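Worksheet: one structure, shown below.
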Amino acid sequence: MYGRPGRGKISGYGRRLIISSPTFLDGDDFTFPDPESSDKEGLVAVGGDLSPNHLLTAYRQGIFPWYEPGYPILWWSPDPRLLLQPEHFRLSRSLKQALKKPYRVDFDTDFASVIAACSSCSGRINNTWITGEMQTAYNELHNLGYAHSVEVRQEGQLIGGLYGISLGRAFFGESMFHLQRDASKIALYYLCQLLGQWQFDFIDCQLPTPHLQRLGARIVRRREFLQRLRHTLHHPTHVGTWLHHSIDS
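Numbering of the sequence shown is given in the numbering used here, commencing with residue 921 and proceeding in unit increments.
Structure representation (structure tokens):
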């Protein structure tokens, strides 16, 4: 999710593809291998496309796309995995103070702006895994009611947010951004509040990061993650807009 780095993390993909010999996907046979068959880093497959059906198929199997412009689409299911149970969100003293400031939190009011801001944050414009192709694909998933965003605004200005995919009682966090201190944490806090009300099992944060671990996320083995994912997918998905959930501080 929110811990996927910029270019430096994945610049060695070309060498890795030769070593790992992953499954190559094409339009006629878009079948993912068992994620458990991948190595610790979790490269499952290469190629294919980002159509809604293929993306949802991937997420249901615990797989997500992560690649750079100029590279083929790479599909990952890393081991270990980082999960945050909504009820385990850790509210720090500084975040409690931040929650007292005047702001507005909305869901699904401006998905396109949130994903664009995640792409360009920290000066990584045109140097990020959130490519234009990725933005188009996730905007389409949003229009279909599977991808959702959280917007944090102050005086009408978007200052932070996050986006991800909802399936069953799992939320797959993709990225977050902030233009003011703690704004992305505020977005995550209120997402946890909503998902807790809906009895969601977990937010998939994908890669372990100290930042998210301090907020209550826990490292689990891929096998445990996949077992929990299969269980939570038995529940209905909250398809459609989450617009009616807004908070004013």
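Backbone N, C-alpha and C fix where the C-beta goes; we use that ideal spot for every residue, glycine too. As the structure is a computational prediction, the values presented were derived from the model and not from experiment.
CB of residue i within 8 angstroms of CB of residue j, strictly
i     : j     : result
R1089 : D1121 : yes
L1108 : L1135 : yes
L1146 : R980  : no
A1036 : G1081 : no
H1155 : S1086 : no
L1132 : L1002 : yes
D999  : G962  : yes
G982  : P942  : no
L970  : P985  : yes
S1095 : Y1110 : no
Alpha carbon of residue i to alpha carbon of residue j, nearest angstrom
i     : j     : result
G1065 : A1018 : 30 angstroms
A1057 : A1032 : 11 angstroms
L1004 : Y991  : 30 angstroms
T1051 : H1151 : 32 angstroms
S1069 : D946  : 30 angstroms
G1072 : E1144 : Note that residue 1072 corresponds to Val in the displayed sequence, not to Gly. Between V1072 and E1144, the C-alpha separation is close to 33 angstroms.
F1027 : A1103 : 14 angstroms
H974  : M1054 : 13 angstroms
P1128 : I1106 : 20 angstroms
R1138 : I1123 : 10 angstroms
F944  : T951  : 10 angstroms
I1167 : T1029 : 13 angstroms
V1140 : R1148 : 11 angstroms
P972  : W1162 : 19 angstroms
G1043 : W1049 : The predicted model places G1043 with a pLDDT of 42, which falls under 50 and marks its position as unreliable; any figure quoted below should be read in that light. Spanning the two alpha carbons is a distance of roughly 13 angstroms.
E1060 : K1016 : 35 angstroms
Q1074 : S1039 : 21 angstroms
E1007 : V1025 : 19 angstroms
G1160 : W1118 : 15 angstroms
L1099 : K1020 : 18 angstroms
A978  : D949  : 14 angstroms
Residues bridged to residue i [DSSP beta-bridge criterion]
i     : result
T943  : A965
Q1024 : Note that residue 1024 is Arg in the sequence shown here, rather than Gln. DSSP, once it has assigned bridges, lists R1073, D1168 as partnering R1024.
Q1126 : L1002
F950  : Per DSSP, none; premise fails for F950.
L994  : V966
P985  : W995
Integer-rounded CB distance, given that residue j should sit under 8 angstroms from residue i
i     : j     : result
C1125 : F1009 : At roughly 12 angstroms, the Cβ-Cβ gap does not stay under 8 angstroms, so C1125 and F1009 are not in contact.
F1092 : C1041 : Not a contact, Cβ separation roughly 19 angstroms.
Y987  : L976  : At roughly 18 angstroms, the Cβ-Cβ gap does not stay under 8 angstroms, so Y987 and L976 are not in contact.
V964  : S997  : 5 angstroms
(message) My parser needs the beta strand (DSSP E) runs of 3 or more residues fully inside the region 1131-1158; what are they?
(response) 1138-1140
(message) I'd like the ranges of any alpha helix (DSSP H) spanning at least 4 consecutive residues and lying wholly in the region 1056-1123.
(response) List check, alpha helix (DSSP H) in window: 1103-1117.
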